[in-house]
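Enquirer:
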Amino acid sequence: MTRRQCTGEYKIKPIKKQVRALLGYPYPARIPREVFVEQWVGISTDEFHRAKDADVKYMRNRHPLIDLGWSRTDCIRYLSSLDLTDTPKSSCLGCPFHGNAQWRHIRDTSPEEWADVVEFDAAIRQGNARANAGGNPLLGEAFLHRSRVPLADAPIDHVTAAELAALQQELGSDDYVAVLEEGVPDGCSPWACRGDADTLARDDFGLAT
Ligand code: SF4
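Quick note: the sequence shown uses my numbering, first residue 1, plus one each step.
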């Protein structure tokens, strides 16, 4: 796994840009202390440790599910009452934390999105274009799938012995089978990223003023 910048690049940076635009203070204008937006983030009580403050004063995070005392089970019960039983975990289409089940779901239900992630996977093979241009090329190649095979050909219908062995060594428990199939258990939001890449945003993008 390389350094993760996905949440910073694809979520926090555009959200901050849009919030600044909505407030009428595009970067690098200084925002008065009393001017801010309230942002609601859907962290449930069983993952309260992922609830964090925003890293800028012009955004204040609220966690309404925690305020309500709702767990993941409460959320599922509520969604079921609205006939929304198939609501998936939130995540980007091309998330490297997907398990095989999520990749198959995209492939088998949405050909356009599958083509998109296959193209994205091919595009990251040499790493970050900006890093390459800056003289910090990736040592090796990047892949979305744990097998390190191009997504279009990756073994998403079965788990290879090499994948199992690698993950068994990494996790050292029986969790590895579930991770290969279902991906990491948590969803992802800008201030509760699966990869904890959110902490990079402040330093990397100069948007935290
Ligand atoms: S879901 Fe989260 S960890 Fe996965 S690619 Fe998106 S921002 Fe990154």
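Where is the CB? At the ideal position from N, CA and C, for every residue including glycine.
So S14 packs on R20, CB below 8 Å; how close in whole Å?
Expert: Note on identity: in this sequence residue 14 is Pro, with Ser being the wrong assignment. About 11 Å separates the two Cβ atoms, so there is no contact after all.
Enquirer: Give every residue of the same chain whose Cβ lies closer than 6 Å to the Cβ of L164, excluding the five residues on either side of it in the sequence, and list them in chain order.
Expert: No residues qualify anywhere along the chain.
Enquirer: Using CA coordinates, which residue listed in E34, A54, F48, R50 is at the minimum distance from K16?
Expert: For the residues E34, A54, F48, R50, the minimum Cα distance to K16 belongs to A54.
Enquirer: Could you tell me whether the Cβ atoms of F36 and L23 are closer together than 9 Å?
Expert: The answer is yes: Cβ separation under 9 Å.
Enquirer: Output needed for S71: all residues of its chain with C-beta closer than 6 Å, excluding positions within five of it in sequence on either side, in chain order.
Expert: S44, T45, D46.
Enquirer: DSSP state of Q5, grouped into three classes?
Expert: Coil at Q5, not helix or strand.
Enquirer: Could you check whether F97 and G183 sit closer than 9 Å to each other, using their CB atoms as the reference points?
Expert: Cβ distance < 9 Å, so G183 and F97 count as in contact.
Enquirer: Consider the C-beta atom of K13 and the heavy atoms of the ligand SF4; say whether any pair is separated by less than 8 Å.
Expert: It does not: the Cβ of K13 is nowhere closer than 8 Å to a heavy atom of the ligand SF4.
Enquirer: Nearest by alpha-carbon distance to V56: which of C75, R33, N132 is it?
Expert: The candidate whose alpha carbon is nearest that of V56 is R33.
Enquirer: Just the Cα atoms here: how many angstroms apart are D86 and R107?
Expert: Approximately 17 Å, taken between the alpha carbons.
Enquirer: In the DSSP assignment, the beta strand (DSSP E) including Q39 goes from what residue to what residue?
Expert: Start and end: 37-40.
Enquirer: Is there contact between the region 72-91 and the region 107-116, where contact requires at least three CB pairs shorter than 8 Å?
Expert: No: fewer than three Cβ pairs fall under 8 Å.
Enquirer: Checking the sheet assignment: what are the DSSP bridge partners for A192?
Expert: Bridge partners of A192: S189.
Enquirer: Do N100 and V149 have their CB atoms nearer than 9 Å?
Expert: Not in contact: N100 and V149 (Cβ atoms no closer than 9 Å).
Enquirer: For N61, does the three-state DSSP call read helix, strand or coil?
Expert: N61: strand per DSSP, three-state reduction.
Enquirer: Closest to W103 by C-alpha separation, out of L65, H145, A129, P137, would be which residue?
Expert: Comparing Cα-Cα distances from W103 to each of L65, H145, A129, P137, the minimum goes to H145.
Enquirer: Do K11 and S189 have their beta-carbon atoms positioned less than 9 Å apart in this structure?
Expert: Taking 9 Å as the Cβ cut-off, S189 and K11 qualify as a contacting pair.
Enquirer: Might you give, ordered along the chain, the residues of its own chain that have their beta carbon closer than 6 Å to the beta carbon of R50, omitting 5 neighbours on each side?
Expert: Contacts found: I43, A192.
Enquirer: Is P14 helix, strand or coil when you go by DSSP?
Expert: It is helical.
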